[in-house]
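Peer 1: The UniProt record's numbering puts the first residue of the sequence shown at 1, with every later residue one more than the last. Got a structure for you, written out below as structure tokens; questions coming shortly.
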Amino acid sequence: MALSSLLQRFSEPETLKMAKLGRELRAQGIDVIDLSLGEPDFDTPQHIKDAAIKAINDNWSHYSPVPGFLDAREAVCAKLKRDNNLDYKPEQIVISTGAKQSLANVILALVDEGEEVIIPTPYWVTYSELVKIARGKVVEIRSTVENKLKITPDELEKAITPNTKAFLFSSPCNPSGAVYSKEELAGLVEVFKKHPNIYIISDEIYEYINYVGKHESIAQFDAIKDRVILVNGLAKGFAMTGWRIGYTASTVEIAKGMEKLQGQMTSGTNTIAQKATVAALTQDLAPSVEMTKEFTRRKQRVMELIKDIPGISCTEPDGAFYIFPDMSYYYGKSDGETTIANSADLCMYLLNKAHVSSVMGAAFGEPNGVRFSFANSLEKIEQGWERIKKALAALK
Ligand code: PMP
């Protein structure tokens, strides 16, 4: 087969792979509990669905401008002002087919062959692969449990070289749930001030799923704002993963670059979803607040459930809907049949023995971790952790 070398450079998302394996077992009649996937188990709020239905009936069925309808981009600007006190104009906004496309746009618009992108671990699986697609080089900063899986200004400074093009991170973080405070961001900004050629890609898609209070964006610091590409989307905060809406806020120059790419790749994103975006970003946030309250209850329950399982050490998440414990205590152990060498083995063991799906930490740049989602009902979470506990107890 004459498939391109590009395809050899990156892997498929481990998150989607695990979900697929879980579905396959389910198709065989096995009751698999899904703690692998990253999406709210809630319905999209009614007022957003109504706006989409109206858009269909109003015949919003033609191509939109490549970066999105003006009213949708204005809604993004209004949201950024309302929630983040950030001033952006519609020409600085590009609306895309999910935050994943937004990230692909940013990376392909900025990164040239051999240029370095600094990514703190653990990071969302797609970051490193997009950098590889762009022929850039991933430079990891290993975060530590002592610093609640965040990096320090010193660690950032040490990772910078003359070849550094960008820094890429999420807060709240998928998979660790780490959330940077304003003071912590200010510390990183002091380093960026000394390195005026580095861009900062800030993925804020879990903004609303925050257990410690107000979301802080690194774009609030004027000294570096022109170098920040803020990435956000509707998937997580509004339970709209399938609607595929993401957006960026950046300088006009970067926005134009991304528009050029998107113009050849996909054109403007789905028009119905764009009209729904206006309703989501400018109307009632109460359903999102309620959803986060439910995630808070589940997080507390999960933290209780893991307390009496030996060998799981876990930083309590401040945001998002995952825990990312260090599971290396189980590496080298066996149930007599299967020996666990690493996070991939452990996830497969939990899938085959406990019928619970999770995602291996190696995919997030942290081989000792495993990601378990709590975007599932309390009942399933409790059943899932009961099964995990039993399966882990069999490893000696
Ligand atoms: N960033 C992070 C950190 C994510 O977890 C996800 C989705 N899992 C995305 C971006 C992509 O979101 P979307 O569904 O809007 O493409």
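Ideal placement from N, C-alpha and C gives every residue a C-beta, glycine not left out.
What did DSSP end up calling A249 once you bin it into helix, strand or coil?
Peer 2: A249 sits in a strand when the DSSP states are folded into three classes.
Peer 1: What residue range is occupied by the uninterrupted beta strand (DSSP E) comprising F295?
Peer 2: Not the beta strand (DSSP E): F295 falls in the alpha helix (DSSP H), residues A286 to K307.
Peer 1: Cutting at 7 angstroms between CB atoms, please list the residues of its own chain near I309, excluding the five before and the five after it.
Peer 2: K389 and L392
Peer 1: Please work out which residues of its chain come closer than 6 angstroms, Cβ to Cβ, to E155, disregarding the five sequence neighbours upstream and downstream, and give them in chain order.
Peer 2: I141
Peer 1: Kindly indicate which three-state DSSP category R135 falls into: helix, strand or coil?
Peer 2: coil
Peer 1: Kindly examine ligand 1 and report whether one of its heavy atoms sits closer than 6 angstroms to the Cβ of D112.
Peer 2: no
Peer 1: Using a threshold of 7 angstroms, state whether the C-beta atoms of K148 and A104 are closer than that.
Peer 2: no
Peer 1: Rounding to the nearest angstrom, what Cα-Cα distance links R227 and V94 in this structure?
Peer 2: Rounded to the nearest angstrom, the two C-alpha atoms are 16 angstroms apart.
Peer 1: Do K165 and E113 have their C-beta atoms closer together than 7 angstroms?
Peer 2: No, the Cβ-Cβ distance between K165 and E113 is not below 7 angstroms.
Peer 1: Within its chain, find whatever has a CB closer than 6 angstroms to the CB of K353; leave out the 5 residues flanking it on each side and keep chain order.
Peer 2: Closer than 6 angstroms at Cβ, skipping near neighbours: A391.
Peer 1: Can you have a look at E14 and say buried or exposed, based on whether 16 or more other CB atoms are within 10 angstroms of its CB?
Peer 2: buried
Peer 1: With H, G and I counted as helix, E and B as strand and the rest as coil, what does DSSP make of A178?
Peer 2: coil
Peer 1: List the residues that DSSP assigns as beta-bridge partners of N232.
Peer 2: Y247
Peer 1: Please output, in chain order, the residues near ligand 1 using a CB cut-off of less than 6 angstroms to any non-hydrogen atom of the ligand.
Peer 2: G38, G98, A99, K100, W124, S170, N174, D203, I205, G233, A235, T241 and G246
Peer 1: For E294, which of G257, T144, L378 and P90 has the nearest alpha-carbon?
Peer 2: L378
Peer 1: Using 7 angstroms as the threshold, is the C-beta distance between I209 and G319 below it?
Peer 2: Yes, the Cβ-Cβ distance between I209 and G319 is below 7 angstroms.
Peer 1: I'd like the list of long-range same chain contacts for I151, defined as Cβ closer than 7 angstroms, with 5 residues on each side in sequence excluded.
Peer 2: These residues qualify, in order along the chain: P120, I141 and S143.
Peer 1: Take K214 as the anchor and find which of P175, T271, S171 and I201 has the nearest alpha-carbon.
Peer 2: Comparing Cα-Cα distances from K214 to each of P175, T271, S171 and I201, the minimum goes to S171.
Peer 1: Confirm, please, whether the CB-CB distance from L350 to residue 474 is below 7 angstroms.
Peer 2: Absent from the model: residue 474. The displayed extent of the chain is 1 to 396, so no value can be given.
Peer 1: Kindly indicate the opening and closing residues of the alpha helix (DSSP H) around A78.
Peer 2: L70 to N84
Peer 1: Quick one: what's L168 bridged to in DSSP?
Peer 2: I201
Peer 1: Keeping to the same chain, check which residues put their C-beta closer than 7 angstroms to that of N342; ignore five residues upstream and five downstream.
Peer 2: Y331, A362 and P367
Peer 1: Rounded to the nearest angstrom, what separates A51 and L110 at their Cα positions?
Peer 2: 35 angstroms
Peer 1: Whole angstroms are fine: how far does the CA of I306 sit from the CA of L261?
Peer 2: Between the C-alpha atoms of L261 and I306 there is a straight-line separation of about 45 angstroms.
Peer 1: CA-CA distance, V212 and G237?
Peer 2: 16 angstroms
Peer 1: Just tell me which of L395, P45 and V370 has its CA closest to the CA of L35.
Peer 2: V370
Peer 1: Return the residue from the list E386, T277 and S373 that minimises the CA-CA distance to K49.
Peer 2: T277
Peer 1: Measuring alpha carbon to alpha carbon, tell me which residue in F364, A75, E382 and P325 is nearest E12.
Peer 2: F364
Peer 1: With burial defined as no fewer than 16 other Cβ atoms inside 10 Å of the residue's Cβ, what is the status of S313: buried or exposed?
Peer 2: exposed
Peer 1: Whose CA, out of L21, I133, T338 and Q220, lies closest to the CA of L7?
Peer 2: Nearest of L21, I133, T338 and Q220 to L7, Cα basis: I133.
Peer 1: How would you write the range of the beta strand (DSSP E) that P120 sits in, first residue to last?
Peer 2: E116 to T121
Peer 1: Would you decide whether E207 is buried or exposed? Buried here means 16 or more other CB atoms lie within 10 Å of its CB.
Peer 2: buried
Peer 1: Taking DSSP as the reference, what is the three-state secondary structure of S64?
Peer 2: coil
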